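Colleague: Protein chains in written order, with this note's numbering: chain A, 1 to 71; chain B, 1001 to 1712.
Starting off with a structure, shown below.
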């Protein structure tokens, strides 16, 4: 099985997936994400306090939400 | 119901002013004492200094009231303006009205920014701003007809009492054939009997063929409206195009409008999905960051919050276009159709609920321990129909519930009602009582500052404890964010001119989550820049959501992502295109700074506006109780040990509460020092002579107020 079979989509771009990948570990591999405090993981909101504990499954779709700016 | 009866008492015809570059250069004054209708020119100097919107409102207010004026004095005015950019169809958030008055809650100028079509219709009818002063003897309806070019004042009888029905009846009365031409401003019975009455601004929802409304919620302007016996102000106007503002550069306006709207259409579905869920996405986000008010701001999260956030409301909201301005791509003003209340005068009937937004869910839901989407909808509906501000209602009821659970007030005081957290039926009953001006609800309707006095004096409640947990500052109830871990946002609330509303600054994540502003100077810089830019939206007749709630995909790569530089540029282009005043982003800040400082001096004129009035209750700063401390003990213990180098090994929780409080209160005072310095104010929080001169607001009356307060 080739590496390309294990992918996730981050902001519509394909990214290599790995076992036990968390949102926190994913963000460590991306540039300019210091203001990312919320993502949508397969449509569900996940906030930064849960980044370390939230496992990303293969084929997941992730959107990095912009800086939370309040009401 | 009987036919409504409108008896004309005064009418004029007028020649409509031609709109030039976003301005009519005219104001309209309605004096209710004499039933006078007065049209005045707006001088070029005032236009240049105050820009429009809230700036115009404040200038008219300043001239209408003295330093001794109270909210219910006849000379207190309600001013409603749009702004030079307001009324641009298709520009996201391009149709706001800004309303001001002397507040029943604060005694100082209050301002509220609201959707609906009234502001633009009024402007296109010929008036940049209207001022309502005096007091009518009979129930009154004012009609500004921009199609027939007439203004009429009516004595009114047999009107529906609540906003929900009254807006509908008057819309059809004033244009049976084209209800889209009408926008109505109304209050309601709750506004008559409380200090936090709101105003409902309507628009015609062409898709659903019904009247919708948004609220000018904060500070009790609806209460002033009701006190003047104004039942409604109605504006009528016909077709509106992008040329309606007669912009200086139409092609540039078309380009920036199309560019901004296109971006929102593309990116909102990928970002906050406000066109689907409004602002309810904030509920789970705030909950996960410990910032959602729970049980009177005691806690910041609750497991049951998952049933009152976007996951639920996305499925309840009626599908369809929900822009509170024509063609707005954000379209976040969602609602629920065929809702059937289980209490009150609409019990069992089917109604349309306009909302809820985040603030209502948080204030009237989690903050009250009510984790029930249906009850929140019912509270939302009745607050709107009665003309009550959901933020003040939620925050006031949270205070009452905590007082009740601590036995500061008892069943004897509440008319036998259990007002423990989660008491949803009794919370609703309090709201019905507010509308009738009866029972314990009449006391709650006076707001937290008055309740603290009444509970202490009449019920013997602990005044010091109530001071700590009563979430008001300057007399205004807090909006719905927990600020304990964000010193910058404590300042965002405490240093806000009108009181603790987050429209001046929302810095919680920048400060608390990202530690983007570690020093006092960093925080002070943010508490200068953000209030100034946010003020600009209110000068121009715009909504701030399109600025930073949907952002360009490459925004994260910019030097200061929080400022959303690309959008700043677009707003400068928008302003330049309409007004012809070539402006860059820094110019927008400069426009706001003059008005902002003028409002601070206005507070001073009214007897406020100094350091002592910029305080916040300790509940906004840190844990008041041992229970509260222990709920986040790990966090607080670490701070005492690592941030403040204290040996806590022998401290009780009570000792730790006291130690943390001392440190945090010192920090808040240091923050004030830094912010005052950055803003060019004295250490008593008053703009210096050099500051008002630099900003060109050194009018003789301004200098006199400064001099009276020892600044010369």
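Positions of the beta carbon are idealized from the N, C-alpha and C atoms, including for glycine.
Quick caveat, the model's predicted, so the values are computed rather than measured.
If I'm right that residue 1153 of chain B touches residue 1142 of chain B with Cβ under 8 Å, what's the distance once you round it to whole angstroms?
Modeller: In the second chain, the residue the question calls residue 1153 of chain B occupies position 153. In the second chain, the residue the question calls residue 1142 of chain B occupies position 142. Confirmed, Cβ separation roughly 6 Å.
Colleague: What do you reckon, are the CB atoms on residue 1393 of chain B and residue 1383 of chain B nearer than 9 Å?
Modeller: Numbered from its first residue, the second chain carries residue 1393 of chain B at position 393. Numbered from its first residue, the second chain carries residue 1383 of chain B at position 383. It is a contact, given that the beta carbons lie within the stated cut-off.
Colleague: Could you give the distance in angstroms between the alpha-carbon of residue 1289 of chain B and the alpha-carbon of residue 1512 of chain B?
Modeller: Translated into positions along the second chain, residue 1289 of chain B becomes position 289. Translated into positions along the second chain, residue 1512 of chain B becomes position 512. If I take the Cα positions, the gap works out to 9 Å.
Colleague: I need the DSSP call for residue 25 of chain A, collapsed to helix, strand or coil.
Modeller: If you number the first chain from 1, residue 25 of chain A lands on position 25. Helix.
Colleague: Closer than 8 Å, Cβ to any Cβ of chain A: which residues of the region 1551-1567 of chain B, in chain order?
Modeller: If the cut-off is 8 Å between Cβ atoms, the region 1551-1567 of chain B has 1551, 1553, 1555, 1556, 1557, 1561 and 1562 near chain A.
Colleague: List the whole-angstrom C-beta distance separating residue 1399 of chain B from residue 1448 of chain B, where the pair is believed to meet the contact cut-off of C-beta under 8 Å.
Modeller: The residue given as residue 1399 of chain B occupies position 399 in the second chain. The residue given as residue 1448 of chain B occupies position 448 in the second chain. At roughly 5 Å, the Cβ-Cβ gap stays under 8 Å, so residue 1399 of chain B and residue 1448 of chain B are in contact.
Colleague: Using only CA atoms, which one of B:1385, B:1377 and B:1434 lies nearest to residue 1397 of chain B?
Modeller: The residue labelled residue 1397 of chain B in the question sits at position 397 within the second chain. Minimum Cα distance to residue 1397 of chain B is reached at B:1434.
Colleague: Is residue 50 of chain A near the ligand ATP, in the sense that its beta carbon is under 8 Å from a heavy atom of that ligand?
Modeller: Absent from the structure shown: the ligand ATP. Ligands present: none.
Colleague: Would you check if there are 3 or more beta carbon pairs closer than 8 Å linking the region 1153-1167 of chain B to the region 1109-1125 of chain B?
Modeller: The region 1153-1167 of chain B, when compared against the region 1109-1125 of chain B, does not touch it at the 8 Å Cβ threshold.
Colleague: For residue 1237 of chain B, which residues in the same chain have their Cβ closer than 7 Å to its Cβ, ignoring the five residues on either side in sequence?
Modeller: Here residue 1237 of chain B is taken as the residue at index 237 of the second chain, counted from 1. Excluding residues within five positions, the ones whose Cβ falls inside 7 Å are 1121, 1124, 1125, 1146, 1147 and 1181.
Colleague: In its own chain, which residues sit with a C-beta less than 8 Å from the C-beta of residue 1405 of chain B, not counting the 5 before and 5 after it?
Modeller: As a first step, residue 1405 of chain B is located in the second chain; it is residue number 405 there, counting from the start. Within the same chain, residue 1405 of chain B has close Cβ partners 1420 and 1421.
Colleague: Would residue 1702 of chain B count as contacting chain A if we go by Cβ distances under 9 Å?
Modeller: Position 702 of the second chain, counting from 1, holds the residue named residue 1702 of chain B. Not closer than 9 Å to any Cβ of chain A, the Cβ of residue 1702 of chain B fails to qualify, so no.
Colleague: In the structure shown, what three-state DSSP assignment does residue 1534 of chain B receive?
Modeller: Here residue 1534 of chain B refers to the residue found at position 534 when the second chain is read from its first residue. Looking at residue 1534 of chain B - three-state DSSP - the assignment turns out to be helix.
Colleague: Starting from residue 1109 of chain B, trace the beta strand (DSSP E) both ways and give me its first and last residue.
Modeller: On the second chain, residue 1109 of chain B is found 109 positions in, with the first residue counted as 1. 1109-1114 is the extent of the beta strand (DSSP E) around residue 1109 of chain B.
Colleague: Quick one, which of B:1501, B:1388 and B:1247 has its alpha-carbon nearest residue 1577 of chain B's?
Modeller: Along the second chain, one-based indexing puts residue 1577 of chain B at 577. Comparing Cα-Cα distances from residue 1577 of chain B to each of B:1501, B:1388 and B:1247, the minimum goes to B:1247.
Colleague: Considering only their Cβ atoms, is the gap separating residue 1452 of chain B from residue 1491 of chain B smaller than 9 Å?
Modeller: Mapped onto the second chain, residue 1491 of chain B falls at position 491. Mapped onto the second chain, residue 1452 of chain B falls at position 452. Not closer than 9 Å, so no.
Colleague: Who are the neighbours of residue 1509 of chain B on chain A, taking C-beta pairs under 7 Å?
Modeller: Residue mapping note: residue 1509 of chain B aligns to position 509 of the second chain, counting from 1. Those within 7 Å of residue 1509 of chain B in chain A are 37, 67 and 68.
Colleague: Quick check on residue 1335 of chain B: does DSSP put it in helix, strand or coil?
Modeller: The residue given as residue 1335 of chain B occupies position 335 in the second chain. Reduced to three states, the DSSP call for residue 1335 of chain B is strand.
Colleague: With a floor of 4 residues, list each alpha helix (DSSP H) that falls wholly inside the region 1562-1615 of chain B, ordered by position along the chain.
Modeller: The qualifying runs are 1565-1579 and 1585-1605.
Colleague: Please tell me whether residue 1310 of chain B has its Cβ less than 9 Å away from any Cβ of chain A.
Modeller: The residue labelled residue 1310 of chain B in the question sits at position 310 within the second chain. It does; some Cβ of chain A falls within 9 Å.
Colleague: Could you give the distance in angstroms between the alpha-carbon of residue 1081 of chain B and the alpha-carbon of residue 1301 of chain B?
Modeller: Translated into the one-based positions of the second chain, residue 1081 of chain B becomes position 81. Translated into the one-based positions of the second chain, residue 1301 of chain B becomes position 301. About 38 Å.
Colleague: List the residues of chain A that residue 1548 of chain B touches, going by C-beta distances under 7 Å, in chain order.
Modeller: Indexing the second chain from 1 puts residue 1548 of chain B at position 548. Under the 7 Å cutoff, chain A gives 69.
Colleague: Any C-beta of chain A within less than 8 Å: which residues of the region 1615-1637 of chain B qualify?
Modeller: Flagged: no residues at all.
Colleague: First and last residue of the beta strand (DSSP E) that includes residue 1010 of chain B?
Modeller: Along the second chain, one-based indexing puts residue 1010 of chain B at 10. Residue 1010 of chain B -> beta strand (DSSP E) spans 1005-1013.
Colleague: Can you name, in chain order, every residue of its own chain whose Cβ lies under 7 Å from the Cβ of residue 1013 of chain B, other than the five neighbours on each side?
Modeller: Translated into the one-based positions of the second chain, residue 1013 of chain B becomes position 13. The answer, listed in chain order, is 1149 and 1150.
Colleague: Of all Cβ atoms in chain B, is any one closer than 9 Å to the Cβ of residue 63 of chain A?
Modeller: Taking the first chain and counting its residues from 1, the one referred to as residue 63 of chain A is at position 63. Yes, residue 63 of chain A counts as interfacial toward chain B.
Colleague: Along chain B, in chain order, which residues have C-beta atoms closer than 7 Å to that of residue 32 of chain A?
Modeller: The sequence position of residue 32 of chain A within the first chain is 32, counting from 1. The answer, in chain order, is 1556 and 1557.
Colleague: For residue 47 of chain A, decide whether its Cβ has a neighbour in chain E, counting only Cβ atoms nearer than 9 Å.
Modeller: Of the protein chains in the structure, A and B, none is chain E.
Colleague: Is residue 1133 of chain B near residue 1221 of chain B, with beta carbons less than 9 Å apart?
Modeller: As a working note, residue 1133 of chain B is residue 133 in the second chain. As a working note, residue 1221 of chain B is residue 221 in the second chain. Going by C-beta atoms, residue 1133 of chain B is not nearer than 9 Å to residue 1221 of chain B.
Colleague: Of the residues B:1408, B:1610 and B:1354, which one's Cα is nearest the Cα of residue 1473 of chain B?
Modeller: What you label residue 1473 of chain B is simply residue 473 of the second chain in a count that begins at 1. Out of B:1408, B:1610 and B:1354, B:1610 has the C-alpha closest to the C-alpha of residue 1473 of chain B.
Colleague: Would you say residue 1297 of chain B reaches chain A, if we count a Cβ-Cβ gap shorter than 9 Å as a contact?
Modeller: Residue numbering aside, residue 1297 of chain B sits at position 297 when the second chain is read from its first letter. Not an interface residue.
Colleague: According to DSSP, simplified to helix, strand and coil, what is residue 1123 of chain B?
Modeller: Residue mapping note: residue 1123 of chain B aligns to position 123 of the second chain, counting from 1. Correct three-state label for residue 1123 of chain B: helix.
Colleague: With DSSP as the reference, label residue 1156 of chain B as helix, strand or coil.
Modeller: To locate residue 1156 of chain B, count along the second chain from 1; it is residue 156. Correct three-state label for residue 1156 of chain B: strand.
Colleague: So within the region 1040-1125 of chain B, which uninterrupted alpha helix (DSSP H) runs reach at least 4 residues, ignoring any that extend past its ends?
Modeller: 1044-1050, 1054-1064 and 1118-1124, all fully within the region 1040-1125 of chain B.
Colleague: Applying a beta-carbon distance threshold of less than 7 Å, which residues of chain B neighbour residue 50 of chain A?
Modeller: In the first chain, residue 50 of chain A corresponds to position 50, counting from 1. Result: 1288.
Colleague: Measure from the C-beta of residue 1272 of chain B to each C-beta in chain A and report whether the shortest distance is under 9 Å.
Modeller: As a working mapping, residue 1272 of chain B is identified with position 272 in the second chain. Interface residue, yes.
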